[in-house]
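Counting from 170, one number per residue, gives the positions in the sequence shown under this note's numbering.
Ideal Cβ placement from N, Cα and C applies to all residues, glycine included.
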Amino acid sequence: MNWPGIIAHYRRHLPVDDNTQIVTLQEGDTPLIPVPRFVNAIGGRFQLHIKLEALNPTGSFKDRGMTMAVTAAKTRGAKILVCASTGNTSASAAAYAARAGLTAAVVLPHGKIAMGKLAQALIYGARIVPVDGNFDDALNVVRALGDQPGVEIVNSINPFRIEGQKTAAFEICDTLGRAPDRHYIPVGNAGNITAYWQGFKEYHAAGTIRTLPQIFGWQAAGAAPIVENRVIEHPETVATAIRIGNPASWRQAGAARDESGGVIGSVSDGEILRAYQLIAASEGIFVEPASAAALAGVIKTQEQGGIPADSLLTATLTGHGLKDPDTAISVSDQLIKPVPPTLSAVLQAIQG
Ligand code: F0G
Numbered sequence: 170m171n172w173p174g175i176i177a178h179y180r181r182h183l184p185v186d187d188n189t190q191i192v193t194l195q196e197g198d199t200p201l202i203p204v205p206r207f208v209n210a211i212g213g214r215f216q217l218h219i220k221l222e223a224l225n226p227t228g229s230f231k232d233r234g235m236t237m238a239v240t241a242a243k244t245r246g247a248k249i250l251v252c253a254s255t256g257n258t259s260a261s262a263a264a265y266a267a268r269a270g271l272t273a274a275v276v277l278p279h280g281k282i283a284m285g286k287l288a289q290a291l292i293y294g295a296r297i298v299p300v301d302g303n304f305d306d307a308l309n310v311v312r313a314l315g316d317q318p319g320v321e322i323v324n325s326i327n328p329f330r331i332e333g334q335k336t337a338a339f340e341i342c343d344t345l346g347r348a349p350d351r352h353y354i355p356v357g358n359a360g361n362i363t364a365y366w367q368g369f370k371e372y373h374a375a376g377t378i379r380t381l382p383q384i385f386g387w388q389a390a391g392a393a394p395i396v397e398n399r400v401i402e403h404p405e406t407v408a409t410a411i412r413i414g415n416p417a418s419w420r421q422a423g424a425a426r427d428e429s430g431g432v433i434g435s436v437s438d439g440e441i442l443r444a445y446q447l448i449a450a451s452e453g454i455f456v457e458p459a460s461a462a463a464l465a466g467v468i469k470t471q472e473q474g475g476i477p478a479d480s481l482l483t484a485t486l487t488g489h490g491l492k493d494p495d496t497a498i499s500v501s502d503q504l505i506k507p508v509p510p511t512l513s514a515v516l517q518a519i520q521g
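The structure is reproduced here in structure tokens:
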């Protein structure tokens, strides 16, 4: 069967009707991949399955929310989609705007967007407005832009985004035939953790799953406002996607943590990069640094006392590694240096 995208597949659970003209790139239906070599490498005896959201059409989980938000915007007659972004939201908004025949304008923290994401927004034809400020500054401007005629904000403060993104939790439960014991997820503006918790709760209320997972959210240590319980004026982290000091869905993230009996913790850039390298080298899975924050959280909880043997964990890996090639190259210690094209020279180079 040709997967029709998340709205058509989960329409019973989403705010659409039979007349809705759906804007889709057939997002969703991403694989849930067991990673036993990663678990062994960190000394675990639990099961971990990763939801590889990097395999959505623009390479991140944002496409699930964007199909819903852009469908709703088009239905309402919007002309211009605007967002603030650390990169992935802008790439997704630009693609879905193109698909819908609308214009996208994206407001970005200047100099802090991974190269691949900028390339995406450009090629999809978005108007790019870099600002001298961080994501939080950009979002403040975008909130004000929302009052302009014909303009629709497609950040996760738009409730349609959350509706679309909750379908990832549905897919995890549909694949496993149950809820995981724990779900690990990176946290930036906190829309996705909000969406997952909503999705798990809706499936629970409908009787589709019998138990609810504990939600384990992870912020980068230099951008951990929820963990520190204060706004961070100048957030900094190698994981630029989650370089956010004042998350819009702060309260909802706290509710997901508290209602589920989970945790929101922080991981250092060193811990993020270790997880980033380990998942690639042990399993062949290349994600961007922000995604690796969830895995750094798995490592941290394992090292801090262990994760119960035989428990079933899932983790969302939010964005593709190819979006940020600079970081992958910078963490490698291999020297890339040409040798003569002869058998002996190449053999010598292979042997190091
Ligand atoms: N991982 C990646 C790769 C992201 O791009 C983001 C957010 C997150 C995790 C965190 O998700 O914000 O819902 O808590 N990126 C936004 C953007 C901020 O503009 O692309 P969140």
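- With contacts defined as CB atoms closer than 7 angstroms, Ala260 and Ala266 fail to qualify as a contacting pair.
- DSSP lists Val300 as the bridge partner or partners of Pro278.
- The beta carbon of Ser418 is closer than 6 angstroms to those of Ala359, Gly360, Thr363 in its chain, skipping five residues each way along the sequence.
- Contact annotation: Ala393 and Ser435 have beta-carbon atoms nearer than 7 angstroms.
- The closest heavy atom of the ligand F0G lies less than 6 angstroms from the beta carbon of Ser254.
- By the neighbour-count criterion, in which a residue is buried when 16 or more other Cβ atoms sit within 10 angstroms of its Cβ, Gln334 is buried.
- In terms of side-chain proximity, the C-beta atom of Ile441 is found no nearer than 6 angstroms to any non-hydrogen atom of the ligand F0G.
- Among the bridge pairs identified by DSSP, Ala273 is matched with Leu250.
- Assignment of beta-bridge partners to Arg351 by DSSP yields Gln383, Leu482.
- Distance from the CA of Pro203 to the CA of Gln503, rounded to the nearest whole angstrom, comes to 29 angstroms.
- Taking the Cβ of Thr487 as the reference point, at least one heavy atom of the ligand F0G falls within a distance shorter than 6 angstroms.
- Within a 10 Å sphere around the beta-carbon of Ile505 sit fewer than 16 other beta-carbons, which makes this residue exposed.
- Scanning Ala263, Asn209, Gly423, Gly466 for the CA closest to the CA of Ile297 turns up Ala263.
- In this structure, Thr336 lies near Ile175, with their beta-carbon atoms less than 7 angstroms apart.
- Setting aside the 5 residues that flank it on each side, Val239 is surrounded in the same chain by Val192, Tyr265, Ala269, each with a C-beta closer than 6 angstroms to its C-beta; the list follows chain order.
- Checking the 6 angstroms criterion, the Cβ of Ala478 is out of range of every heavy atom belonging to the ligand F0G.
- Fully enclosed beta strand (DSSP E) runs of no fewer than 3 residues occupy 201 to 203, 216 to 221 of the region 174 to 239, in order along the chain.
- Relative to the non-hydrogen atoms of the ligand F0G, the Cβ of Glu196 never comes closer than 6 angstroms to any of them.
- Across the structure, Ala223 and His489 are spaced so that their CA atoms are roughly 4 angstroms apart.
- Excluding sequence positions up to five before and after Leu183, its CB lies within less than 7 angstroms of the CB of Ile176, Met237, Glu332, all in the same chain and listed in chain order.
- Listed in chain order, the non-local C-beta contacts of Leu464 below 7 angstroms within the same chain comprise Ala444, Ile448, Ala484, local neighbours out to five positions each way being set aside.
- A Cβ-Cβ distance of about 7 angstroms is found for the pair Pro416 and Ile395, placing them in contact under the 8 angstroms criterion.
- Straight-line spacing of the CA atoms in Leu250 and Phe215 works out to 43 angstroms.
- Asn257 and Glu371 have their alpha carbons spaced roughly 26 angstroms apart.
- In this chain, the beta strand (DSSP E) harbouring Ser435 covers 432 to 436.
- Just so you know, the alpha carbons of Asp495 and Ala283 end up roughly 8 angstroms apart.
- With a cutoff of 6 angstroms, Ala459 counts as near the ligand F0G, since its C-beta is closer than that to a heavy atom of the ligand.
- By the Cβ neighbour-count rule, Glu321 is buried, with 16 or more other Cβ atoms within 10 Å of its own.
- Within 6 angstroms of the C-beta of Pro355 there is at least one heavy atom belonging to the ligand F0G.
- Two segments are said to touch when three or more pairs of C-beta atoms, one from each, lie closer than 8 angstroms; by this definition the region 207 to 214 touches the region 469 to 484.
- With a cut-off of 6 angstroms, the C-beta of Thr258 is classified as near the ligand F0G, since at least one heavy atom of the ligand falls inside that distance.
- Exposure of Leu291 is indicated by the presence of fewer than 16 other C-beta atoms within 10 angstroms of its C-beta.
- In this structure, the beta-carbon distance from Leu486 to Val508 does not fall below 7 angstroms.
- When rounded, the separation of the alpha-carbon atoms in Arg420 and Gly430 is 15 angstroms.
- In this structure, DSSP gives Gln446 a helical state, which the three-state scheme calls helix.
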